[in-house]
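Structure first, then comments.
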Amino acid sequence: MLCWPRLLARALCPFVREAIMAASFGYRQFVLAVLIGLLILIHWSAPKVAFELELVFALAAVLAPSVEWLGKRLGGHRGVAVAVVSLAVLVGALLLVVFVVPALVHSVRDIIASIKTQIPALRQVLEELMLKLTPYTGEMDLDEGLTKLIEILQKQGASGAALGMLASVSVNVILGIGQVIVGCVILAILCSGWDYFVDWAKTLTARLAPQNAPRVIRIAQSAARHGIAMFRGMGIMAIIFVVSYAVILAVVGLPPGRILLYAIVLGLFSALPGVGGFVSATLSMLIALSHFSIWDWQGWVLVGSGILAHFVEAKFLTPRIVGHAIDVPGFVMIGAILSGITVNGVPGVFQALMLLPVLRALVDEIGCEEGEPIAGKLEPLPASVTALAPEPPKPSVTQSRHKAKRR
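When we follow the working numbering, the leftmost residue of the sequence shown carries the number 551, and every step to the right adds one.
Here you go:
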């Protein structure tokens, strides 16, 4: 008696085996798919953690050349250079988390409250925004903090005040911001062994994707070079705008705490390519509306400075300082930044800016001829990558004849 299921299975077995082999992944593709899946899962489930990791890696890429230069200046003591740079980043992060962010949120709530009284139509929207900012608000404004600091310096002397501030900052660090210290430790490890990490990433890429490893590494090197140039240019622009806004805010007569906060915020926003000038001009109008009346000349000076900063950023600074690093159309830049804000809020701006150098590197790679490297100085591939990369196919006899005829 014939067993039809067995015969059918025997007949279909070769086709099923071929289908499974065609659809199955090798171990390299499987590992690569797992890594990509982990990155997507981290971005989807914990966007803040993903943002902090991206920030640490970006800072390590930017600070690694500075660490190397400082180590040479210190007589080859790379560990001392790493400690100095990491300590500077740690102090800046502590000041930002402990003092600047709560005071900034406090000032923003004051601005919203003053605008709410002047524009009743926006009362409900502004009240909801104030409720969202309440958990991040500090106990005092920065003006009050500076005033109390001056009083402490006058009463206890500089040494006692310094010890008191050090103890207060240490307690705040232990209680609330240990994550910042962990990030700085990771940053120090990456800065100290950045070259080894880059070589390891190249070798891993060559093992997971040996056929496309040279192209992927060229794109990564180009994106890293453009990204470092972009963030350094943005840092230069931020310093220029922070100093300029501090002078303007001092001229119009704002308190010192507000001068410090507003200058930092307006300067950082002005350094964003594409949309920074417009955002800083809008913020300067809101600050003028909340602190001065329509008849005060100080408000008009502040509004005019914001419009002038927007013009200078769009026409002079961005094309000359940052434009050579990204060199993408303005609508692409604005669309990327707005998409980042929509997806992940303010951290999304940083993530969108990190994608711009990658987009520039992809455009350069697509535009060049096959096998021709991207224009610019690229690091040579390590021996582990070149050994794993397959040899290029030899031209056939027909192709050789066609090339000879063209010549």
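From the three backbone atoms N, C-alpha and C, an ideal C-beta is built for every residue, glycine too.
Residue i, DSSP secondary structure in three states
{"i": "Asp-846", "result": "coil"}
{"i": "Leu-822", "result": "coil"}
{"i": "Gln-761", "result": "coil"}
{"i": "Leu-811", "result": "helix"}
{"i": "Lys-804", "result": "A quick correction: the sequence has Leu, not Lys, at residue 804. Three-state DSSP puts Leu-804 in coil, outside helix and strand."}
{"i": "Val-723", "result": "Only weak support is given to the placement of Val-723: the predicted model assigns it a pLDDT of 47, under 50, and the value that follows is read from those uncertain coordinates. Note: Val-723 maps to helix in three-state DSSP."}
Residue nearest to residue i in terms of C-alpha spacing, selected from the options
{"i": "Asp-745", "options": "Pro-615, Ile-789, Val-862 and Ala-821", "result": "Pro-615"}
{"i": "Val-766", "options": "Leu-912, Glu-618 and Ala-600", "result": "Leu-912"}
{"i": "Ala-859", "options": "Trp-845, Thr-832 and Phe-842", "result": "Thr-832"}
{"i": "Arg-775", "options": "Trp-594, Leu-905 and Asn-762", "result": "Leu-905"}
{"i": "Val-825", "options": "Gly-849, Thr-753 and Ile-857", "result": "Ile-857"}
{"i": "Gly-785", "options": "Thr-868, Ala-756, Glu-618 and Phe-747", "result": "Thr-868"}
{"i": "Phe-861", "options": "Ile-884, Leu-836 and Ser-830", "result": "Ser-830"}
{"i": "Gln-771", "options": "Leu-603, Ala-611 and Trp-594", "result": "Ala-611"}
{"i": "Trp-594", "options": "Asn-894, Ser-889 and Arg-910", "result": "Asn-894"}
{"i": "Leu-903", "options": "Leu-758, Phe-842, Gln-848 and Phe-781", "result": "Phe-781"}
{"i": "Val-853", "options": "Ala-838, Asp-846 and Ala-751", "result": "Ala-838"}
Contact check, residue i vs residue j, beta carbons under 8 Å
{"i": "Ala-813", "j": "Ala-796", "result": "yes"}
{"i": "Ile-778", "j": "Glu-915", "result": "no"}
{"i": "Ser-820", "j": "Gly-827", "result": "yes"}
{"i": "Pro-897", "j": "Phe-601", "result": "yes"}
{"i": "Val-882", "j": "Ile-891", "result": "no"}
{"i": "Ala-788", "j": "Leu-818", "result": "yes"}
{"i": "Val-908", "j": "Gly-783", "result": "no"}
{"i": "Ile-790", "j": "Ala-800", "result": "no"}
Inter-residue CB distance, residue i and residue j (contact presumed, cutoff 8 Å)
{"i": "Ile-798", "j": "Ser-840", "result": "About 16 Å; that fails the 8 Å criterion."}
{"i": "Ile-887", "j": "Leu-816", "result": "Incorrect: roughly 17 Å between the Cβ atoms, too far for contact."}
{"i": "Met-851", "j": "Val-802", "result": "Residue identity differs from the one stated: residue 851 is Val in this sequence, not Met. Right, their Cβ atoms sit about 6 Å apart."}
{"i": "Glu-604", "j": "Gln-901", "result": "6 Å"}
Short CB-CB distance (under 8 Å) between residue i and chain C
{"i": "Ala-774", "result": "The structure shown contains no chain C; it is built from a single protein chain."}
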